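Peer 1:
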Amino acid sequence: MHSVVCIKQVPDSAQIRVHPVTNTIMRQGVPAIINPYDTWALEAALQLRDKHGGEVTVVTMGPPMAEDALRRALSIGADRAVLLTDRYFAGADTLATSFALASGIAKISETFGKVSLVFTGKQTIDGDTAQVGPGIAKRLDFQQLTYVSRINEVDVKAGTLVVERRGEGGTQVLSSKLPALVTMLEGDHTMAVRRGSMEDALRAARTEIVRWGAAQAGITDLTKCGLKGSPTVVKKVYAPSPRAEKAKLIGEGSASAAATADEILSAIFTQAPGLEADLLALSRSSAG
Ligand SMILES: Cc1cc2nc3c(=O)[nH]c(=O)nc-3n(C[C@H](O)[C@H](O)[C@H](O)COP(=O)(O)OP(=O)(O)OC[C@H]3O[C@@H](n4cnc5c(N)ncnc54)[C@H](O)[C@@H]3O)c2cc1C
818 MHSVVCIKQV
828 PDSAQIRVHP
838 VTNTIMRQGV
848 PAIINPYDTW
858 ALEAALQLRD
868 KHGGEVTVVT
878 MGPPMAEDAL
888 RRALSIGADR
898 AVLLTDRYFA
908 GADTLATSFA
918 LASGIAKISE
928 TFGKVSLVFT
938 GKQTIDGDTA
948 QVGPGIAKRL
958 DFQQLTYVSR
968 INEVDVKAGT
978 LVVERRGEGG
988 TQVLSSKLPA
998 LVTMLEGDHT
1008 MAVRRGSMED
1018 ALRAARTEIV
1028 RWGAAQAGIT
1038 DLTKCGLKGS
1048 PTVVKKVYAP
1058 SPRAEKAKLI
1068 GEGSASAAAT
1078 ADEILSAIFT
1088 QAPGLEADLL
1098 ALSRSSAG
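Letter by letter, the sequence shown follows residues 818 to 1105 of my numbering.
1. Which residues in the same chain have their Cβ closer than 6 Å to the Cβ of Thr1000, if we skip the five residues on either side of it in sequence?
2. Does DSSP put Glu860 in a helix, a strand or coil?
3. Could you give the distance in angstroms between the alpha-carbon of Ala919 and the alpha-carbon of Ile953?
4. Nearest to Pro880 by CA position, among Thr902, Ser933, Glu1093 and Thr946, is which residue?
5. With a Cβ-Cβ cutoff of 8 Å, do Met818 and Ser993 count as a contact?
6. Based on the DSSP secondary-structure assignment, which residues constitute the bridge partners of Ile842?
7. Leaving out five residues before and five after Arg982 in sequence, what residues of the same chain have Cβ atoms less than 6 Å from its Cβ?
8. Could you tell me the distance, in whole angstroms, from the CA atom of Thr1040 to the CA atom of Ser926?
9. Thinking just about the alpha-carbon of each residue, which of Asp855, Thr856, Ile851 and Gln832 is nearest to the one in Gln845?
10. Inspect the CB distances between the stretch 820-838 and the stretch 849-857 and report whether three or more fall short of 8 Å.
11. Just how far apart, CA to CA, sit Asp910 and Val1054?
12. Smallest Cα separation from Gly984: which of Asp943, Leu1002, Trp1029 and Glu860?
13. Looking at the strands, I want to know which residues DSSP matches up with Arg897.
14. Any chance the CB of Gln940 is under 7 Å from a heavy atom of ligand 1?
15. Just to confirm my understanding: we take Ala1021, look at its own chain, exclude 5 residues before and 5 after, and list those with CB closer than 6 Å. What are they?
16. Taking the continuous alpha helix (DSSP H) assigned at Leu1092, which residues delimit it?
17. Measure the C-alpha to C-alpha separation of Ala917 and Ala1034 and round it to an integer number of angstroms.
18. Please confirm whether any heavy atom of ligand 1 lies closer than 7 Å to the CB of Gly807.
19. Could you name the residues of the same chain whose beta carbon sits closer than 8 Å to that of Thr1007, not counting the 5 residues immediately before and after it, in chain order?
20. At the level of alpha carbons, what is the spacing between Gly908 and Leu1044?
21. Using 8 Å as the threshold, is the C-beta distance between Val935 and Leu865 below it?
22. What do you reckon, is the C-beta of Cys823 under 7 Å from a heavy atom of ligand 1?
23. Would DSSP call Tyr964 helix, strand or coil?
24. Under the rule that 16 or more other beta-carbon atoms within 10 Å means buried, what is Arg1101, buried or exposed?
25. Check whether the Cβ of Asn969 lies closer than 7 Å to any heavy atom of ligand 1, and answer yes or no.
26. Use the C-beta contact count for Arg824: other C-beta atoms within 10 angstroms, 16 or more gives buried, fewer gives exposed.
27. Please go through the same chain and pick out, in chain order, the residues whose beta-carbon is closer than 6 Å to the beta-carbon of Glu872, but skip the five residues on each side of it.
28. For ligand 1, any of its heavy atoms closer than 7 Å to the Cβ of Leu918?
29. Would a C-beta distance cut-off of 8 Å place Ala886 and Thr874 closer than the cut-off?
30. Taking C-beta to C-beta, are Thr1077 and Ser1071 nearer than 8 Å?
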């Protein structure tokens, strides 16, 4: 079974600051990491390879420095890495990104063996749109399984898979046909992203990364790539302004817990006139 995992190199958002004057993101000195959800996607694909055999290819669309993320994925255990890089891809929004990735995956399928399963993360920690996975599935005409926390089983012969999908208020168990695209959550307690062996680390350093520009990825219509293929325009970026109102500290230096409770209640009732009368009426009606 051949799985493809889409990984994006992102700045470690825990270390990002917004410039207080220009409101632009200050990236200097911020380390680049593989988007965390994508590492879970890679782990899920590697577990399937452990069980069923086959290969795992990782792919990213990005600048030449994104090669670092691909080497990291190889050191975790991926078999092959493909970098889609071209000046025509620059300035891509999610529509153009999913177009380039879908074209690249179709080419990977043609070149290295039929792809049955594509994994993406649920979303990135920098763009946060969660649109790229579904965009790829639509373009490749693959079944689409989003917010997946676990792959329960894959029947390669029958061409089916069963996954757990986390939704609001519960978990759905879904069965689908292959080929499919899965957008992966952070996994569940049964999963941990592996570190990769020493052998994998050595292989990662030696392996040649496959580098494709638009033409090698089979793209003939360049108007669908990069800025030209991006209908979305970012009009303004700004940091949220701090709240004008500050929280009020109640109870500091109060004589007792009861006095603090009184103070809290009186602050609440001042903020919400009528609430006290409503609560009294409610307690009388439930007592009667
Ligand atoms: C008008 C416009 C211009 C932009 N210009 C630029 C620019 O010049 N440079 C720039 O870096 N960004 C640019 N962006 C941001 C860019 O569109 C997003 O980074 C990209 O489309 C991915 O969106 P996302 O981060 O929300 O991914 P999501 O949809 O949240 O990602 C979901 C999953 O898709 C996969 N994925 C996403 N992106 C990639 C990728 N590149 N390679 C492999 N897998 C991926 C990952 O598995 C990820 O977990 C621009 C956005 C807009 C709207």
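For each residue, glycine too, the CB sits at the ideal point set by N, CA and C. Quick caveat, the model's predicted, so the values are computed rather than measured.
Peer 2: Working from what's here:
1. For the purposes of this step, residue 1000 is taken as the residue at position 183 of the sequence shown. Taken in chain order, the residues that qualify are Thr937, Lys939, Gly950 and Thr963.
2. Taking the sequence shown and counting its residues from 1, the one referred to as residue 860 is at position 43. Residue state, collapsed to three classes: helix.
3. Along the sequence shown, one-based indexing puts residue 919 at 102. Along the sequence shown, one-based indexing puts residue 953 at 136. The straight-line gap from Cα to Cα measures roughly 5 Å.
4. Numbered from 1 along the sequence shown, position 63 holds the residue referred to as residue 880. That would be Thr902, whose Cα lies nearest to the Cα of Pro880.
5. Along the sequence shown, one-based indexing puts residue 818 at 1. Along the sequence shown, one-based indexing puts residue 993 at 176. Not a contact, by the Cβ cut-off of 8 Å.
6. As a working mapping, residue 842 is identified with position 25 in the sequence shown. According to DSSP, Ile842 bridges with Val835.
7. The residue labelled residue 982 in the question sits at position 165 within the sequence shown. The residues are Tyr964, Val965, Gln989 and Leu991.
8. Locating residue 1040 in the sequence shown gives position 223, counting from the first residue. Locating residue 926 in the sequence shown gives position 109, counting from the first residue. One C-alpha to the other measures close to 23 Å.
9. In the sequence shown, counting from the first residue as 1, residue 845 sits at position 28. It is Gln832 whose Cα lies nearest to the Cα of Gln845.
10. yes
11. Residue 910 sits at position 93 when you count from the first residue of the sequence shown. Residue 1054 sits at position 237 when you count from the first residue of the sequence shown. Going by the C-alpha atoms only, they are around 15 Å apart.
12. Here residue 984 corresponds to residue number 167 of the sequence shown, with the count starting at 1. Of Asp943, Leu1002, Trp1029 and Glu860, the residue nearest in Cα terms is Leu1002.
13. Counting from one through the sequence shown, the residue named residue 897 turns up at place 80. In the DSSP output, where bridge partners are listed per residue, Arg897 has Thr874.
14. Along the sequence shown, read from residue 1 onward, the residue named residue 940 stands at position 123. Gln940: yes, Cβ under 7 Å from ligand 1.
15. Residue mapping note: residue 1021 aligns to position 204 of the sequence shown, counting from 1. Within the same chain, Ala1021 has close Cβ partners Arg888, Leu891 and Ser892.
16. Along the sequence shown, one-based indexing puts residue 1092 at 275. Its alpha helix (DSSP H) spans residues Leu1092 to Ala1104.
17. Residue numbering aside, residue 917 sits at position 100 when the sequence shown is read from its first letter. Residue numbering aside, residue 1034 sits at position 217 when the sequence shown is read from its first letter. C-alpha separation (whole angstroms): 8 Å.
18. Nothing about residue 807 can be read from this structure; the chain reaches only from 818 to 1105.
19. Position 190 of the sequence shown, counting from 1, holds the residue named residue 1007. Arg967.
20. On the sequence shown, residue 908 is found 91 positions in, with the first residue counted as 1. On the sequence shown, residue 1044 is found 227 positions in, with the first residue counted as 1. Going from the Cα of Gly908 to the Cα of Leu1044 covers about 5 Å.
21. If you number the sequence shown from 1, residue 935 lands on position 118. If you number the sequence shown from 1, residue 865 lands on position 48. Contact flag unset, no.
22. Counted from its first residue, the sequence shown places residue 823 at position 6. Cys823: yes, Cβ under 7 Å from ligand 1.
23. Residue numbering aside, residue 964 sits at position 147 when the sequence shown is read from its first letter. Tyr964: strand per DSSP, three-state reduction.
24. For this step, residue 1101 is matched to residue 284 along the sequence shown. Exposed: under 16 other Cβ atoms inside 10 Å.
25. Here residue 969 refers to the residue found at position 152 when the sequence shown is read from its first residue. Answer for Asn969: no, Cβ out of range of ligand 1.
26. Indexing the sequence shown from 1 puts residue 824 at position 7. The sequence as given places Ile at residue 824; Arg does not occur at that position. Ile824 is buried by the Cβ-count criterion.
27. As a working note, residue 872 is residue 55 in the sequence shown. So the qualifying residues of the chain are His819 and Asp896.
28. Translated into positions along the sequence shown, residue 918 becomes position 101. Flag set: Cβ of Leu918 near ligand 1.
29. Taking the first residue of the sequence shown as 1, we reach residue 886 at position 69. Taking the first residue of the sequence shown as 1, we reach residue 874 at position 57. Contact flag unset, no.
30. Residue numbering aside, residue 1077 sits at position 260 when the sequence shown is read from its first letter. Residue numbering aside, residue 1071 sits at position 254 when the sequence shown is read from its first letter. It is a contact, given that the beta carbons lie within the stated cut-off.
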